[in-house]
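Visitor:
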Amino acid sequence: MSTNKSKTASPTRRSQTINNNGTNKTNIQLSIDNSRQDFVLMDKDLLRGLSEKEVEIEHLKTTVIGLNTKVEVIRDMEQDVVNSQTITKNSEIKRVELQTFIKTTSIQIQEDAQKNKQFQDSVINENNNLQQEVLRLKQALIQKEKERLDQQQRYETIISERELRIKTLIEENLQQLAKIREQEQIIRLNEDIADQLAQANKLIEVLTEQKRKLQQELETASDYILALEDKVYKANKTSLELLRQLKDAEIEIETLKNYIIELKQRIAVYIPVKDDVIDKKLAEFINNYPDRQKLKIMFLRESEGVYQFGSKRVAVRVDKDKINIRVGGGYLSIDEFLDQYTPAELDKMERKDPLKKFSEKIAMQKTLVGKEVRESSPIRSPTRQ
2 MSTNKSKTAS PTRRSQTINN NGTNKTNIQL SIDNSRQDFV LMDKDLLRGL SEKEVEIEHL
62 KTTVIGLNTK VEVIRDMEQD VVNSQTITKN SEIKRVELQT FIKTTSIQIQ EDAQKNKQFQ
122 DSVINENNNL QQEVLRLKQA LIQKEKERLD QQQRYETIIS ERELRIKTLI EENLQQLAKI
182 REQEQIIRLN EDIADQLAQA NKLIEVLTEQ KRKLQQELET ASDYILALED KVYKANKTSL
242 ELLRQLKDAE IEIETLKNYI IELKQRIAVY IPVKDDVIDK KLAEFINNYP DRQKLKIMFL
302 RESEGVYQFG SKRVAVRVDK DKINIRVGGG YLSIDEFLDQ YTPAELDKME RKDPLKKFSE
362 KIAMQKTLVG KEVRESSPIR SPTRQ
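Structure follows, in structure tokens:
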């Protein structure tokens, strides 16, 4: 405003100076002073304007510095987001690899358990066959011994009769020798008696030989039974070794189960199906559940809203951001459902555990086999050492 006033005043004074050539030096000096004052005022206004602009520039510089700082923070945040995405991707890859390893290990363990079961069944069958063979041989031996005793009794009866007859003949011959010592018939009768005695002696020798052979057969049968008992002992020893291996496998399986539970506590244990609101809500509940020990029985999705929980097939729905599970004619919250049905399902799993059933079956069969071997073990012949 002051600059415009000074410019309008100066031409007026110049025209007055031209028109009034007689104006004195005082007026000229006054005009110069006025001009100087106008320039001083204009300089002050310029300086004030420059100060205001410098303040605005400083303010703009401060604003620019603040914006640069925010830009750097935003860049750092973007870098953190990129790093988080990379870490998440790597964790997902490791999780998939870990699931593959767990699945492969589980399949291998099942195959080993099946092989052990087949081998154990073959050992049990062989034990049963050996026991049946032992029983059959014992029965045959008893039958043969009975027949030998019957035959020996018959021979002894014959010998007794022959001896009685010989005694009778001797007595008769003695009586007749006193009467007809010189007769040839008595001599021939004595010769007949001698022949009969010889035949009786030969018969006794035959019976003695048969008895010796029967005794030999009895000893051979005893040796065979001892060999069978040795086979049974080795089979039982093999069964015990298999039981030990089975216990080691059970310990290894328990270790793997604990390791899997620990891994499940570190990573997400349930991956939802895309575009399924109920499955996503269920996955959020499971993955954020504080007590993983209660989640030993998992939900297996069959279709939208239908899941398999152990041996139960249940319907799941979401009401007002809460998960409800249909059981029978009504609905339970998921916490109530887990508290009520998880222990029962765990008991069913333990009863259906094939390794536990197999161990109990093997232990029972081992006890029965040991008892039968002790009860049916043959007694060695008293003449053998």
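Numbers given in the numbering used here equal positions in the sequence shown, counted from 1, plus 1. We treat Cβ as the ideally placed atom computed from N, Cα and C, and that holds for glycine.
1) Which stretch, first to last residue, makes up the alpha helix (DSSP H) that contains R352?
2) Classify R182 as helix, strand or coil using the three-state DSSP reduction.
3) Give me whichever residues DSSP pairs with R327 in a beta bridge.
4) Quick one: what does DSSP say V207 is sitting in, helix, strand or coil?
5) Secondary structure at E162, three-state DSSP: helix, strand or coil?
6) I need the DSSP call for Y290, collapsed to helix, strand or coil.
7) With DSSP collapsed to three states, give me the class of E305.
8) What's the call for S304, buried or exposed, on a 16-neighbour Cβ count within 10 Å?
9) Taking just the CA atoms, how far does E210 sit from R149?
10) Using a threshold of 8 Å, state whether the C-beta atoms of E346 and S312 are closer than that.
11) Expressed to the nearest angstrom, what Euclidean distance is found between the alpha-carbon atoms of E185 and L165?
12) Is L283 closer than 8 Å to V328 when the C-beta atoms are compared?
13) Would you mind stating whether T343 and K295 have Cβ atoms separated by less than 8 Å?
14) Would you list the residues sitting across from F300 in a DSSP beta bridge?
15) Between the alpha carbons of L198 and E218, how many angstroms are there, rounded?
16) Report yes if the C-beta distance between L241 and V135 is below 8 Å; otherwise report no.
17) Since N174 contacts N202 with CB under 8 Å, what's their CB separation in whole angstroms?
18) By Cβ distance, which residues of its chain are closer than 8 Å to S161, with the 5 residues on each side in sequence left out?
19) Give a yes or no on whether the C-beta atoms belonging to V319 and I254 are separated by under 8 Å.
20) Using beta-carbon positions only, say whether I194 and L170 come within less than 8 Å of one another.
21) For my contact list, E98 and A236 are in at a C-beta cut-off of 8 Å; report their separation, rounded to the angstrom.
22) For Y156, which three-state DSSP category applies?
23) What would DSSP say about D122, mapped onto helix, strand or coil?
24) Do the CB positions of V233 and L339 come within less than 8 Å of each other?
25) Determine, using beta carbons only, whether P273 and K281 come nearer to each other than 8 Å.
Guide: In terms of the structure at hand:
1) Translated into the one-based positions of the sequence shown, residue 352 becomes position 351. Unbroken alpha helix (DSSP H) run through R352: 335-352.
2) By 1-based counting over the sequence shown, the position of residue 182 is 181. In this structure, R182 counts as coil in the three-state DSSP scheme.
3) Here residue 327 refers to the residue found at position 326 when the sequence shown is read from its first residue. In the DSSP output, where bridge partners are listed per residue, R327 has A316, Y332.
4) For the purposes of this step, residue 207 is taken as residue 206 along the sequence shown, with counting starting at 1. Helix.
5) On the sequence shown, residue 162 is found 161 positions in, with the first residue counted as 1. Three-state DSSP puts E162 in a helix.
6) For the purposes of this step, residue 290 is taken as the residue at position 289 of the sequence shown. DSSP places Y290 in coil when its eight states are reduced to three.
7) Numbered from its first residue, the sequence shown carries residue 305 at position 304. In this structure, E305 counts as coil in the three-state DSSP scheme.
8) One-based indexing of the sequence shown puts residue 304 at position 303. Flag for S304 reads exposed.
9) Walking along the sequence shown from the start, residue 149 turns up at place 148. Walking along the sequence shown from the start, residue 210 turns up at place 209. Distance between the alpha carbons of R149 and E210 is about 13 Å.
10) Along the sequence shown, read from residue 1 onward, the residue named residue 346 stands at position 345. Along the sequence shown, read from residue 1 onward, the residue named residue 312 stands at position 311. Going by C-beta atoms, E346 is nearer than 8 Å to S312.
11) As a working note, residue 185 is residue 184 in the sequence shown. As a working note, residue 165 is residue 164 in the sequence shown. Each residue's Cα considered, the two are about 25 Å apart.
12) Counting from 1 along the sequence shown, the entry for residue 328 is found at position 327. Counting from 1 along the sequence shown, the entry for residue 283 is found at position 282. In this structure, L283 does not lie closer than 8 Å to V328 by Cβ.
13) Residue 343 sits at position 342 when you count from the first residue of the sequence shown. Residue 295 sits at position 294 when you count from the first residue of the sequence shown. Going by C-beta atoms, T343 is nearer than 8 Å to K295.
14) Here the question's residue 300 lines up with position 299 in the sequence shown. Its beta-bridge partners are F310.
15) Stepping through the sequence shown from its first residue, residue 198 is reached at position 197. Stepping through the sequence shown from its first residue, residue 218 is reached at position 217. Taking the straight line from one Cα to the other gives about 30 Å.
16) Numbered from its first residue, the sequence shown carries residue 241 at position 240. Numbered from its first residue, the sequence shown carries residue 135 at position 134. Going by C-beta atoms, L241 is not nearer than 8 Å to V135.
17) As a working note, residue 174 is residue 173 in the sequence shown. As a working note, residue 202 is residue 201 in the sequence shown. 18 Å between Cβ atoms; not a contact.
18) Your numbering for residue 161 matches position 160 in the sequence shown. Excluding sequence neighbours, S161 sits near nothing in its chain.
19) Within the sequence shown, residue 319 is the residue found at index 318, counting from 1. Within the sequence shown, residue 254 is the residue found at index 253, counting from 1. Not a contact, by the Cβ cut-off of 8 Å.
20) What you label residue 194 is simply residue 193 of the sequence shown in a count that begins at 1. What you label residue 170 is simply residue 169 of the sequence shown in a count that begins at 1. In contact: I194 and L170 (Cβ atoms closer than 8 Å).
21) One-based indexing of the sequence shown puts residue 98 at position 97. One-based indexing of the sequence shown puts residue 236 at position 235. Between A236 and E98 the Cβ distance is about 44 Å, and since that is not below 8 Å, they are no contact.
22) What you label residue 156 is simply residue 155 of the sequence shown in a count that begins at 1. Of the three classes helix, strand and coil, the one that applies to Y156 here is helix, per DSSP.
23) Taking the sequence shown and counting its residues from 1, one reaches residue 122 at position 121. Three-state result, D122: helix.
24) In the sequence shown, the residue the question calls residue 233 occupies position 232. In the sequence shown, the residue the question calls residue 339 occupies position 338. Their beta carbons are not under 8 Å apart, which means V233 does not touch L339 by this criterion.
25) Position 272 of the sequence shown, counting from 1, holds the residue named residue 273. Position 280 of the sequence shown, counting from 1, holds the residue named residue 281. Contact flag set, yes.
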